[in-house]
Amino acid sequence: MANAILRKQAELEPVKRGDGVETTLLVGTDVCQSATFTSGLTQFPAGKKVPMHHHNCDEQVTLLEGMAEVEIDGERTPLERYDTTYIPAGKPHRFINVGDSPLLILW
Numbered sequence: 001m002a003n004a005i006l007r008k009q010a011e012l013e014p015v016k017r018g019d020g021v022e023t024t025l026l027v028g029t030d031v032c033q034s035a036t037f038t039s040g041l042t043q044f045p046a047g048k049k050v051p052m053h054h055h056n057c058d059e060q061v062t063l064l065e066g067m068a069e070v071e072i073d074g075e076r077t078p079l080e081r082y083d084t085t086y087i088p089a090g091k092p093h094r095f096i097n098v099g100d101s102p103l104l105i106l107w
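The sequence shown lines up with residues 1 to 107 when you count with the numbering used here.
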């Protein structure tokens, strides 16, 4: 059985993804080899977005702060605080900050 791990977000180094977007890995095999899922935070400055991308695993994303749109299959859908998306593995998608303040998502 794996040991429990506590990660203090304030002590973690974010990965700079370009255009001011930063991602912080919270849980994944980089942190715990026995982890069966990946979780993290991504913060977007006002008006910024990430390119269309996909993952080799299913993804759940919850909007924590800000105003966003999610683009899936060419369709953009507005999201509000605590709205949650489920995106199957291999499905291209992206999140876009459509507000004038930072956007924070948990995945």
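We put the CB at the ideal spot given by N, CA and C, even for glycine.
Quick caveat: nothing in here was measured; it's all calculated off a predicted structure.
| Check | Outcome |
| --- | --- |
| I'd like to check one pair, THR84 with VAL50: are the Cβ atoms closer than 9 Å? | no |
| Taking just the CA atoms, how far does SER34 sit from LEU104? | 27 Å |
| Just mark PHE44 as buried or exposed, buried being the case when its beta carbon has 16 or more other beta carbons within 10 Å. | buried |
| Who are LEU106's beta bridge partners in DSSP? | LEU41, THR62 |
| Indicate the three-state DSSP secondary structure (helix, strand or coil) for ALA68 in the structure shown. | strand |
| I think LEU79 touches LEU63, with their Cβ atoms under 8 Å apart; what is that distance to the nearest whole Å? | 5 Å |
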